[in-house]
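Residue numbers (this note's numbering): 8 to 688. From the three backbone atoms N, C-alpha and C, an ideal C-beta is built for every residue, glycine too. Report on the structure given below.
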C-alpha cells in the first residue's frame, strides 16, 4: 500500500512540475541598449575584437562591445562615444573595454592617458577605470583624466569636475576631489602628495575641442543627447520640418542614386549578430536609431523621441531573401537583400528578444507615438516570436528598387564593401523575393572585421602595453571565448547567435555576475560604503577586505537601491553616484565642456588637502512631469549648459504614474512598463 502511495505521489509531483514548466513563459536575455562607437581616429590605432588574437586597423563607426581592445601608437588618438559618456585616448595607450551594458562601463587602462567625461549618471550605473596601481570609480558626473607611465605603475588621477573614489590593494581607498590632482606610486595608494591642477597640454586642448562639437551641436535641438553620434550630423547635412514626420535631417554629401545602408559593410558582433558599419563620417546615428523616409526624391532621417533613452539597434532594416529571386549567383543560395525601415515600420530584431525589449527598441526610435499602439505591438510581436513576418503594412520600401540593396552571400559574410558588390534588381526580382526575419548566412572569422582592416600594424602592440596586471574594484565578467567556440548558429541557418536562443534565462538586470576574476587582474572584495569624509582623506575601511587573489572568486558590489538626496539639500560627501532621472528635452545634465581656466602645476611638494566648503546645490529648472521619469530627484551638476529649449518638435505632455518603474532597466518586461511604452494609460 505504501508502495502504491509512493508511486502515485511521484506521478502527482511529476504532473505538478510539468504544469509549472508549461506555464512558464521563456525569458530572453536581451542585448544591451548601448555600445561604444569609435567616433574618431587620428594616426595609427589598432583594434582587437573580443575573443580574437589578430589585431587590425581601428575604423570609425565600429561599435565596440565588452572584450574589445584598442592601442594607440605614437602621435595617435582615439575617441569613443557611449552616449552618456565620452572616452578619449592619447597616444601609446593600451585600452580594453572589459564590461559594457546598461548599468556598467568598466575599462582597463594598462598604459597611456585616458580622458573620461561622464555627462549623466543614472541610479545604479557604474563607471570604473582599472589601472596597474588602482581602480577609479566615478561618484558624480564630471571630467576626469588618468595618466599611467609605461615604465612604472605610478598612476595620476586628475579631477577637473566631479569626484570619485580610488581603490588599491587590500584596505586601501581614498576619495579624490574636484580640481585636485593625485599621484599614486603603487597599489597601497602610497603617493607623493596632492597637487594643484597641472597645466593644460596638447591632449587637453584636443579633448576640449572635441567636447565643443557636442556642446554646440545644432542637432541637440532635435534628438536625445544620448543618441550616439548625433554631433556629426551638423557638418554633413541640414534639418527641416516635414508636415508628415516633423523634424527630418537630409544628408548633403551623397552620390547620385545613394540610399541608406548601401555604402558600407556588414560585420558580426555579439550578441546582436549582423551589424551595419557605414562608410560615411556621419554614418552612425542615422543607421542605428530612428527611421528613414523618401521625401520628394530625397532620403531624410527621422529621429526617435527626445524624451526617451534611446536603444541601439544593429541595423534598422527589413531583410529580403529566399530562393525565388530569379537571379543567378554562383555562390548559391540567392542574394541577401535589405531595405531601410520607413517611418511607420516596426523593427523585427533578427536576434531573439523579450517583449519589453521589442517595445523599447521600437518606441524609442519612432517619433510618431500613434504609429505603435498596444494592439499593434502585441500582434507583431506574436508574429515575431513565432518566426513569421510582421505582416502587411510593415514594408514601406520593400518593392522599391531605389531603396532595396542586395549582395551575394559571400560579399555579405566576408564584410566586403556593399557598393562594389551590389546586385542589379528589378521590380520583378523584388516581387518574387521573400521577407525574412533573419539572415540565413553563418558568420566566419572573416565576418569580424573588413578585409581592408585585417592586416593592421604589423604584429600588433607590444605585449607589455596590453598585458599588465590591473587592480579592479568590480569583479569583471569572464573573458570572451574564441570566435570559433563562441558563435554557433542553428542547423537550419538563421544567422542568430546561439547565446540568444536559450529558452529560459534570468531577466537582463545587467548587474555584474558572480564570476571567476581574470588571472591577470586583482579583484578586491566588495566593501561597504565609507563614511563621509574630507576630499583627499583616506576612507576608513574594514581590515577584512581580500587582498590580491587572482584565482579567488570575488562577489561584485551590490547596487544601491536608495534614492539620491533632494537637490535642495547640501551636497553630501558620498561614494554612491549622483542619481540622474530620465532626461527631458529641456533639462540640464548634458555634455559638459572643460573648465577654461586651469592652475599651473605646483612645485613637487606634499601639501595638506584643502578643506572642502559646504555648498548648497540649487534645484533643477522647472520641467514637465513625464510618465517615465524615475522617482529620484535629479542632482544638479555644475558646469553643464542646459539642453536647448528650442526643440523643433517637443514631445506630447504625459501624465506621471503614481508608482514609477524603471522601464529602461530591470522592469522593462513588466506589463505596466510595456503598456506605458506604447502609450497605453
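Burial state of residue i (16 or more Cβ within 10 Å)
i, result
"residue 99", "buried"
"residue 248", "exposed"
"residue 608", "Legend: pLDDT at residue 608 = 36, less than 50; position of this residue unreliable, no value from coordinates given."
"residue 436", "buried"
"residue 478", "buried"
"residue 604", "Because the pLDDT of residue 604 is 35, which lies under 50, any placement of that residue in the model is unreliable, and the number read from its coordinates should be weighed accordingly. Flag for residue 604 reads exposed."
"residue 393", "exposed"
"residue 386", "exposed"
"residue 217", "buried"
"residue 499", "Legend: pLDDT at residue 499 = 43, less than 50; position of this residue unreliable, value from coordinates given subsequently. So residue 499 ends up on the exposed side."
"residue 208", "exposed"
"residue 304", "exposed"
"residue 71", "buried"
"residue 264", "exposed"
"residue 489", "exposed"
"residue 4", "In the structure displayed, the chain extends from 8 to 688; residue 4 sits before or after that span and is not available."
"residue 358", "buried"
"residue 371", "buried"
"residue 262", "exposed"
"residue 482", "buried"
"residue 41", "buried"
"residue 295", "buried"
Enclosing alpha helix (DSSP H) for residue i [first to last residue]
i, result
"residue 365", "362-370"
"residue 470", "470-473"
"residue 438", "434-439"
"residue 292", "292-295"
"residue 241", "240-243"
"residue 44", "Careful: residue 44 lies outside any alpha helix (DSSP H), inside the beta strand (DSSP E) at 43-49."
Unbroken beta strand (DSSP E) run spanning residue i, endpoints
i, result
"residue 191", "187-191"
"residue 149", "149-155"
"residue 212", "Segment 209-222 is the alpha helix (DSSP H) holding residue 212; no beta strand (DSSP E) there."
"residue 95", "92-96"
"residue 120", "111-125"
"residue 135", "133-137"
"residue 168", "162-168"
"residue 461", "Run containing residue 461: none; DSSP gives neither H nor E here."
"residue 86", "84-88"
"residue 423", "From DSSP, residue 423 is part of no beta strand (DSSP E); its letter is neither H nor E."
"residue 6", "Since the displayed the chain opens at 8 and closes at 688, residue 6 lies outside it and no answer follows."
"residue 78", "76-79"
"residue 195", "Premise fails: residue 195 is in no beta strand (DSSP E) and is neither H nor E."
"residue 307", "305-309"
"residue 66", "Unbroken run through residue 66: none, as it is neither H nor E."
"residue 106", "100-107"
"residue 140", "Taken as a continuous stretch (DSSP letters only), residue 140 belongs to no beta strand (DSSP E), as it is neither H nor E."
Anticipated Cβ contact below 8 angstroms, residue i with residue j, distance rounded
i, j, result
"residue 308", "residue 412", "Contact flag wrong, Cβ pair sits at about 17 angstroms."
"residue 259", "residue 243", "6 angstroms"
"residue 192", "residue 200", "Not confirmed; about 11 angstroms, so no contact."
"residue 353", "residue 318", "Not really, about 14 angstroms apart at Cβ, beyond 8 angstroms."
"residue 158", "residue 122", "At roughly 22 angstroms, the Cβ-Cβ gap does not stay under 8 angstroms, so residue 158 and residue 122 are not in contact."
"residue 4", "residue 429", "This structure does not reach residue 4, given that the chain is present from 8 up to 688, and the question cannot be answered."
"residue 67", "residue 288", "7 angstroms"
"residue 58", "residue 473", "Not really, about 15 angstroms apart at Cβ, beyond 8 angstroms."
"residue 343", "residue 416", "6 angstroms"
"residue 104", "residue 73", "6 angstroms"
Same chain, Cβ closer than 6 angstroms to residue i, neighbours up to 5 away in sequence not counted
i, result
"residue 80", "51"
"residue 615", "Any reading at residue 615 must be qualified, since the residue scores a pLDDT of 38, below 50, and its modelled position is unreliable; the value itself is stated next. Hits under 6 angstroms: none found."
"residue 62", "53, 55, 463 and 467"
"residue 689", "Outside the displayed span of the chain (8 to 688) sits residue 689, for which this structure offers no information."
"residue 179", "195 and 196"
"residue 154", "120 and 163"
"residue 47", "86"
"residue 323", "348 and 354"
"residue 231", "313 and 317"
"residue 576", "Below a pLDDT of 50, predicted positions are generally treated as unreliable, and residue 576, at 36, falls in that range; the measurement from the model is reported next regardless. Correct list: empty, nothing qualifies."
Close-in-space but distant-in-sequence residues of the same chain around residue i (CB under 8 angstroms, 5 per side omitted)
i, result
"residue 459", "64"
"residue 245", "256, 257 and 259"
Residues of its chain near residue i, where Cβ-Cβ distance is below 7 angstroms and the 5 sequence neighbours each way are ignored
i, result
"residue 269", "412, 425 and 426"
"residue 388", "362 and 365"
"residue 37", "360, 361, 364 and 515"
Residue i at chain D interface by Cβ criterion, 9 angstroms
i, result
"residue 454", "Of the protein chains in the structure, only one exists, and it is not chain D."
*Counting pairs of beta carbons, one from the stretch 362-370 and one from the stretch 296-310, are three or more of them closer than 8 angstroms?*
Counting C-beta pairs closer than 8 angstroms gives fewer than three between the stretch 362-370 and the stretch 296-310, which falls short of the contact rule.
*Counting Cβ pairs, one atom from each stretch, are 3 or more of them under 8 angstroms apart for the stretch 446-459 and the stretch 112-126?*
No contact exists between the stretch 446-459 and the stretch 112-126.
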